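Below is one structure, written out as structure tokens; comments come after it.
There are 2 protein chains.
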Amino acid sequence: MTEINDRIGSYGFMVEPFHADFTGRLTLAVLGNHLLNCASFHAKDRGFGIGTLNQQHYTWVLSRLVVEMEEMPSEYDKFTVETWVEAVYRLFTDRNYRIAAADGRTLGYARSVWAMIGMDDRKPVEMTKVNDGRIMDYVTDYPCPIDKPARIKLAAPRLATTHRVTYSDIDINGHVNSIRYIEHILDAFDISYFKDTAVKRFEIAYVTESYYGDTLDVWIEEAGDKAFNVEIKKDGGKSTVCRGHVSFG
Amino acid sequence: MTEINDRIGSYGFMVEPFHADFTGRLTLAVLGNHLLNCASFHAKDRGFGIGTLNQQHYTWVLSRLVVEMEEMPSEYDKFTVETWVEAVYRLFTDRNYRIAAADGRTLGYARSVWAMIGMDDRKPVEMTKVNDGRIMDYVTDYPCPIDKPARIKLAAPRLATTHRVTYSDIDINGHVNSIRYIEHILDAFDISYFKDTAVKRFEIAYVTESYYGDTLDVWIEEAGDKAFNVEIKKDGGKSTVCRGHVSFG
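Sequence order for the protein chains is A and B.
Every letter in the first sequence is one number past the one before it in our numbering, and letter 15, counting from 1, is 78.
Every letter in the second sequence is one number past the one before it in our numbering, and letter 137, counting from 1, is 200.
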């Protein structure tokens, strides 16, 4: 872990064999896992990590994640993830990422939106007032030239797949973990999309938690050329778990 | 990566948040992934890694994996995996592992059996004749006090779950990856097994590859107190993909 400057964290990775898909490229789910880990490392090193917050009975919650890749690294490739805080709002913060190849060229960017909530009442808190607003000291305008998350609406989607939540889906909070939704969304597409093209932009907005035994329906609607809006619902369609967007290119 | 001696490789890890299950312990699937990576690192550093073999049109195939844990490390815990070659037979090699906590105490052991095959004809080759039999130089009798894999037979199993193979299951060889079977087997058990107990011993023997679109049936049969034999079949039960054993304790 080297620091580009005090505000930007940079973390090194290598594409492990079981983290590559059938094309030999890193999977988006594993990249997502790395991004969230980097968020955690970066925040921890600067005094606003989840451990520090938990002591004060607050915690971080991921609200949105957008990843846009020009190229995914291949099996055994080394790559780095840079992360930084772009903005702090009253109830949200924008954290961005740059994914770079070993030779330094940009492979892609990502954006995430986080809320801070009370551990007991699960209600959003004003993060500028928590922990002496320390997070404000690290805001930087390092460039992240991809679109911010958009509002995703589905009008007449089709039911693509159904997944019953299993043991392997559940994290330490008792919820389906944020990364598993990425897999469940991508698994709703025919494998030919990944053969002839690759995921160019992926977007997910988390709405409601889901739990062991829930049945998740994955709904898909076309939204342009090789672009799709996605919604995962539970309780027979009564509640939305998350919405997403996938563009292949 | 430090070496205990020239024959034993030792590799450090940390339990990442998304690699822990709902109890906060490392998942067996992620541990399995680490073990296979360590095998790969160890072999590569000693001149019989998959890259070297591929140049000669041979490759490694995992045949069996057994993991027996006293205790799984928890979220954010550091731990190490040691690996070494216990024996080289004509067509197989036994590679063992010790999993240790940061303070050095043993958390568990694992055993794996590998074959070497020709990349073109997929037939087993005599590994003592490949690459000047270099692997023979690294055999060591470092202790691994857990039972070797046993022959698993099911007499009257019940169908526990069915899983249709998706994009996320498939690795660079176009097969369902070895680690995913661990998840599919564990996901066939009710979550209460993981709440009240933990997996004490897990065994898997790989028989036939499965592919995108295959439907995998997971069959389970009791084999003692909180112990189960498992078989994954495809093609409507016509062919066995793998067999396993899971003991909770």
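Backbone N, C-alpha and C fix where the C-beta goes; we use that ideal spot for every residue, glycine too.
The model shown is predicted, which means the values in this text are computed figures rather than measured ones.
Ranked by how close their Cα comes to the Cα of F311/A, the residues F265/A, R109/A, N240/A, D140/A have F265/A in first place. Contact check between the segment 210-226 of chain B and the segment 132-140 of chain B: fewer than three CB pairs, one atom from each, fall below 8 Å, which does not count as touching. Comparing alpha-carbon positions, the option among V144/A, P208/A, G276/A, K107/A lying closest to Y139/B turns out to be K107/A.
Contacts with chain A at 8 Å (Cβ-Cβ) do not include D280/B.
The beta carbon of S175/A sits closer than 6 Å to those of L128, R158, all from its chain and outside the five residues before and after it, given in chain order. Against chain A, the CB of F111/B has no partner CB under 8 Å away; the residue lies outside that interface.
Only residues of its own chain outside the window of five on either side were considered, and among them H97, F142 have a CB closer than 6 Å to the CB of F76/A, listed in chain order. If the five residues before and after V304/B are omitted, its C-beta is found closer than 7 Å to the C-beta atoms of V270, T271, S273, L279, I295, K296, K297, all from its own chain and listed in chain order.
Annotation for L99/A: the continuous alpha helix (DSSP H) segment containing it runs 91-108. For T225/A, not one C-beta of chain B is nearer than 8 Å to its own C-beta. Contact between M179/A and W123/A holds, with the beta-carbon distance rounding to 6 Å and staying under 8 Å. The beta carbon of G237/A sits closer than 8 Å to the beta carbons of Y274, Y275 from its chain, once the five residues preceding and following it are set aside; these are given in chain order. Here I113/B has S103, A106, K107, T122, W123 as same chain residues with Cβ atoms under 8 Å from its own Cβ, once five neighbours each way along the sequence are excluded. In the DSSP annotation of this structure, the continuous segment of the alpha helix (DSSP H) that includes F257/B starts and ends at 255-259.
Among the residues of the segment 175-208 of chain B, none has a Cβ less than 7 Å away from any Cβ of chain A. Residue-level contact check: D288/A does not touch chain B, since none of the beta carbons of chain B fall below 8 Å from its beta carbon. Chain A places no beta carbon closer than 8 Å to that of N117/B, leaving this residue out of the contacts. Within a 10 Å sphere around the beta-carbon of P208/B sit fewer than 16 other beta-carbons, which makes this residue exposed.
Secondary structure note for E246/A: its alpha helix (DSSP H) is the uninterrupted segment 241-249. The count of Cβ pairs closer than 8 Å, one atom from the segment 75-92 of chain A and one from the segment 233-251 of chain B, reaches three, so the stretches are in contact. In this structure, L154/B sits away from I162/B, with a CB-CB distance that is not shorter than 8 Å.
Judged by DSSP in its simplified three-state form, V151/B adopts strand. The beta carbon of A286/A sits closer than 6 Å to the beta carbons of N292 from its chain, once the five residues preceding and following it are set aside; these are given in chain order. With contacts defined by Cβ atoms closer than 8 Å, E145/A and S231/A do not form a contacting pair. If you draw a straight line from the Cα of F252/A to the Cα of A223/A, it is about 8 Å long. Look at the segment 234-247 of chain A: the residues with a C-beta under 7 Å from a C-beta of chain B are D234, I235, G237, N240, I242, E246. For A261/B, the closest of L249/B, I71/B, Y172/B by C-alpha to C-alpha distance is L249/B.
For E138/A, the chain B residues whose C-beta falls within less than 9 Å of its own C-beta are I235, listed in chain order. Interface annotation, I254/B: in contact with chain A, CB-CB separation under 8 Å. Inclusion of F111/B and L99/A in the CB contact set at 8 Å is not warranted, their separation being larger than that value. For the segment 91-105 of chain B, the beta-carbon criterion of a distance under 8 Å to any beta-carbon of chain A is satisfied by A92, N96, L99, N100, S103.
Interface residue (Cβ-Cβ distance to chain A less than 8 Å): D84/B is classified as such.
When the five nearest sequence neighbours on each side are left out, the beta carbons in the same chain lying within less than 7 Å of the beta carbon of P220/B are those of W282, I283, E284, E294, in order along the chain. Cβ neighbours of S137/A within its own chain (closer than 8 Å, five residues either side excluded): V78, A83, G87, R88, L89. Distance from the CA atom of V151/A to the CA atom of I267/A, rounded to whole angstroms, is 20 Å.
For G114/A, the enclosing alpha helix (DSSP H) covers residues 113-118.
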